[in-house]
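S.K.:
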Amino acid sequence: MTTAPSAPSAPSAGAATSVSPTARQLWGRARGLLLAVAVLALAGLVIAALRSGEQHGLLDPRSADRYGSRATAELLADRGVDTTVATGIAEATEALGPDTTLLVANPDLLSARQQSALRAAASDSGGRTVLLAPGPASLGTLAPDVRAVEPTSVEVLRPGCEAPYARRAGAAELGGITYTASAASVEACYPSGELPTLLRLPSETGDGDTVVLGAPDLLYNHRLDDHGNASLALQLLGSRPHLVWYLPSLDDATATDGGNESFIDLIPSGWRWGAFQLAIAAVLAALWRARRLGPLVPERLPVAVPASEATEGRARLYRRANARERAAEALRSATRTRIAPLAGVPTAQAHRSEALCPAVAARTGDDATQIHGLLFGPAPADDEALVRLADRLDLLERRITPSPRDKDRTP
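Counting from 7, one number per residue, gives the positions in the sequence shown under this note's numbering.
(1) Which residue from Pro-222, Gly-199, Ala-187 puts its Cα closest to that of Leu-205?
(2) Can you name, in chain order, every residue of its own chain whose Cβ lies under 6 Å from the Cβ of Ala-169, other than the five neighbours on each side?
(3) Per DSSP, what kind of secondary structure is Gly-250 in: helix, strand or coil?
(4) Looking at C-alpha atoms only, which residue of Glu-200, Leu-323, Glu-161 is the closest neighbour of Cys-167?
(5) State the CB to CB distance for the pair Gly-133 and Arg-246, rounded to an integer number of angstroms; the pair is presumed to be in contact (CB under 8 Å).
(6) Gln-241 and Ala-175 look like a contact to me (Cβ under 8 Å); what is the Cβ gap, rounded to whole Å?
(7) Tell me, to the nearest whole angstrom, how far the beta carbon of Ala-139 is from that of Pro-254; I am working on the premise that it is less than 8 Å.
(8) Can you find the residues in the same chain that come closer than 7 Å, C-beta to C-beta, to Leu-64, ignoring five residues on each side of it along the sequence?
(9) So Ala-341 packs on Leu-381, CB below 8 Å; how close in whole Å?
(10) Is DSSP giving Thr-8 helix, strand or coil here?
(11) Near Ser-159, what residues of its chain come up, given a Cβ to Cβ distance below 6 Å and the 5 sequence neighbours on each side ignored?
(12) How about the stretch 393 to 400 and the stretch 331 to 339: do they share at least three Cβ pairs that are nearer than 8 Å?
(13) I need the boundaries of the beta strand (DSSP E) containing Tyr-185, first residue and last residue.
(14) Assuming Arg-330 contacts Ala-385 (C-beta within less than 8 Å), just tell me the rounded distance between them.
(15) Grab me the residues of Thr-8's own chain with a C-beta within less than 6 Å of its C-beta, minus the 5 sequence neighbours each way, in chain order.
(16) In terms of DSSP beta bridges, what is Arg-134 paired with?
(17) Evaluate Ala-13 with the Cβ neighbour count: other Cβ atoms within 10 Å of its Cβ, from every protein chain shown; 16 or more gives buried, anything less gives exposed.
(18) Between which two residues does the alpha helix (DSSP H) holding Thr-147 run?
(19) Under 6 Å Cβ to Cβ from Pro-142, same chain only, skipping five residues before and after it: list those, please.
(20) Between Leu-238 and Ala-149, is the Cβ-Cβ spacing less than 8 Å?
(21) Can you give the Cα-Cα distance for Val-110 and Trp-251, rounded to whole angstroms?
(22) To the nearest angstrom, how far is it from the Cα of Val-43 to the Cα of Ala-126?
(23) If we call anything under 8 Å between Cβ atoms a contact, is Thr-89 one with Pro-67?
(24) Since I believe Asn-227 is in contact with Arg-76 (beta carbons under 8 Å), could you give me their beta-carbon distance rounded to a whole number of angstroms?
(25) Would you mind reading off the limits of the alpha helix (DSSP H) that contains Ala-79?
(26) Measuring only the C-alpha atoms, how far is Gln-121 from Leu-102?
(27) Thinking just about the alpha-carbon of each residue, which of Asp-232, Ser-209, Pro-202, Ile-286 is nearest to the one in Leu-46?
(28) Taking the alpha-carbon of Val-152 as reference, which of Gly-220, Pro-408, Glu-360, Asp-130 has the nearest alpha-carbon?
(29) Could you check where the beta strand (DSSP E) with Glu-315 kicks off and where it finishes?
(30) Is Cys-167 helix, strand or coil by DSSP?
(31) What are the boundary residues of the alpha helix (DSSP H) that Val-393 is part of?
(32) In chain order, what residues of the same chain have a beta carbon less than 8 Å from the beta carbon of Ala-21, not counting five sequence neighbours either side?
(33) Within the same chain, show all residues whose beta-carbon is closer than 7 Å to that of Ser-191, passing over the 5 residues directly before and after it, in chain order.
(34) Using DSSP with H/G/I as helix, E/B as strand and the rest coil, what is Arg-173?
(35) Taking the beta strand (DSSP E) that Pro-197 falls in, what are its first and last residues?
(36) Here's the rule: buried if 16 or more other CB atoms are within 10 angstroms of the residue's CB, otherwise exposed. What is Val-289?
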């Protein structure tokens, strides 16, 4: 007597399946990725805090931090020079005049439109323009006669010239960038090596002039009282009763050149580098999560797929990818495997032309060169050629395959 096997019990509602993992399983899968994201976020916050602490209020005459310039503004105020902070090009140009000194904190941040507007206003004002550490990006417009040569370290330099302000100040902390000038009259001071780091170019018309400083370090609060920094700063910035301290800002509507910049150009460089690092982290996390957790385990398919459907599906994929070479090789390889035993060639040598082609030619009576071109030739140039190749291979296989009558005659 036999008993029918009991039906398997249905899984309980609370049991975990492959499509409904438990919270414990979800946590086990995601905790590594969440930990990596948390570490990256914490590192970003720490770096941002450290950088903001070091460079907070950079060259701002209202900032009392180490890298601010409030001490310079206070000394100028004691000598009757009033300081006005401008963050837009319109504010900076409207305040210019023969009794005004314009200080540009970072000229390379200005767009081409801003540089042109600033140059036009400064050249007609009769005042003084002081450019702090300008590079090739701004010198071509703001000081066409000056060329930046190479960066150099900031150190205590001797005047190296006979300019009155340099002789009174003596040694000062300069450097940063060295320059050359092609103007007829120019005062070149504080050389680093053989090239100056401070240039004064008198205006061709009027009493105005342009001063180029290779480094702004002498204006920092924590360096102003070193060597002759304070004396040089007061003489360069206090020659006129009004000082416009221009701090370029991204909030300025003229910070773009008429919409020619792409979206990437409008993103600050720090954000671009941050996004690049996050992209690398995401790729690494994807590779980490996509690793194989063990050997592949075969399992039965839930349905039987007819061979014809699998063949048609692969053919569609080949056609979509224009992979005629791979499709032709698949057809030829299958044909060679099937006809090799019929031509008396071992299956192991079915893909060797020197063994297969002569045997097939002897069996069919065709030229061995034509057989080689058919079975081992180049890839078809288009889809029509691929179809013709398939027809020729099928015909060759039918010719070499023994007919049922030949099989009956076999002893």
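Note that beta-carbon positions come from the ideal geometry of N, C-alpha and C, so glycine has one too.
M.R.: Walking through what the data contain:
(1) Residue Ala-187 is the option with its Cα nearest to Leu-205.
(2) Counting only Cβ-Cβ distances below 6 Å, and skipping sequence neighbours, we find Glu-193, Cys-195.
(3) Per the sequence presented here, residue 250 reads as Val, with Gly not at that position. In the three-state scheme derived from DSSP, where H, G and I count as helix and E and B as strand, Val-250 is classed as strand.
(4) The residue with the shortest Cα to Cα distance from Cys-167 is Glu-200.
(5) Indeed, because the Cβ distance is near 6 Å, the residues count as touching under 8 Å.
(6) Indeed they touch by this definition, with Cβ atoms about 7 Å apart.
(7) With a contact defined as Cβ atoms closer than 8 Å, Ala-139 and Pro-254 miss out at about 13 Å.
(8) Cβ neighbours of Leu-64 beyond the five flanking positions: Tyr-73.
(9) As written in the sequence, residue 341 is Thr, which differs from the Ala given in the question. Contact holds; Cβ gap of about 7 Å.
(10) Note that Thr-8 has pLDDT 43, beneath the 50 cutoff, so the model's placement of it is unreliable and the number below is only indicative. Assigned with DSSP and collapsed to three states, Thr-8 falls in coil, not helix or strand.
(11) Excluding residues within five positions, the ones whose Cβ falls inside 6 Å are Gly-181.
(12) The answer is yes - the stretch 331 to 339 touches the stretch 393 to 400, with three or more Cβ pairs under 8 Å.
(13) From DSSP, the beta strand (DSSP E) with Tyr-185 extends over 178 to 187.
(14) Rounded to the nearest angstrom, the Cβ distance from Arg-330 to Ala-385 is 6 Å, consistent with a contact under 8 Å.
(15) Annotation note: pLDDT 43 at Thr-8 (below 50); position unreliable, no value reported.
(16) The partner list for Arg-134 (beta bridge, DSSP) reads Thr-107, Asp-215.
(17) Bear in mind that a pLDDT of 42 at Ala-13, under 50, signals an unreliable position, so the model cannot answer this.
(18) Residues 142 to 148.
(19) For Pro-142, where only same-chain residues beyond five positions count, the Cβ hits under 6 Å are Ala-154.
(20) No, the pair does not count as a contact, with Cβ atoms beyond the cut-off.
(21) Those two C-alpha atoms are separated by around 7 Å.
(22) When rounded, the distance between both Cα atoms is 50 Å.
(23) For Thr-89 and Pro-67, yes; Cβs fall inside 8 Å.
(24) With 8 Å as the limit, Arg-76 and Asn-227 qualify as a contact, their Cβ atoms being about 6 Å apart.
(25) For Ala-79, the uninterrupted alpha helix (DSSP H) run begins and ends at 76 to 84, by DSSP.
(26) Cα atoms of Gln-121 and Leu-102: separation of roughly 15 Å, rounded to the nearest angstrom.
(27) Among Asp-232, Ser-209, Pro-202, Ile-286, the Cα nearest to that of Leu-46 belongs to Ile-286.
(28) The shortest C-alpha separation from Val-152 is found at Gly-220.
(29) Note, Glu-315: premise wrong, no beta strand (DSSP E); alpha helix (DSSP H) at 313 to 326.
(30) Three-state result, Cys-167: coil.
(31) Where Val-393 is concerned, the enclosing alpha helix (DSSP H) stretches over 389 to 406.
(32) Since pLDDT at Ala-21 reaches only 44, below the 50 mark, its modelled position is unreliable, and the value read off the structure follows with that caveat. Nothing listed; no residue qualifies.
(33) Only Pro-208 meet the Cβ criterion.
(34) When secondary structure is reduced to three states using DSSP, Arg-173 falls in the helix class.
(35) Segment 193 to 198, the beta strand (DSSP E) holding Pro-197.
(36) It is exposed - the Cβ of Val-289 has fewer than 16 other Cβ atoms within 10 Å.
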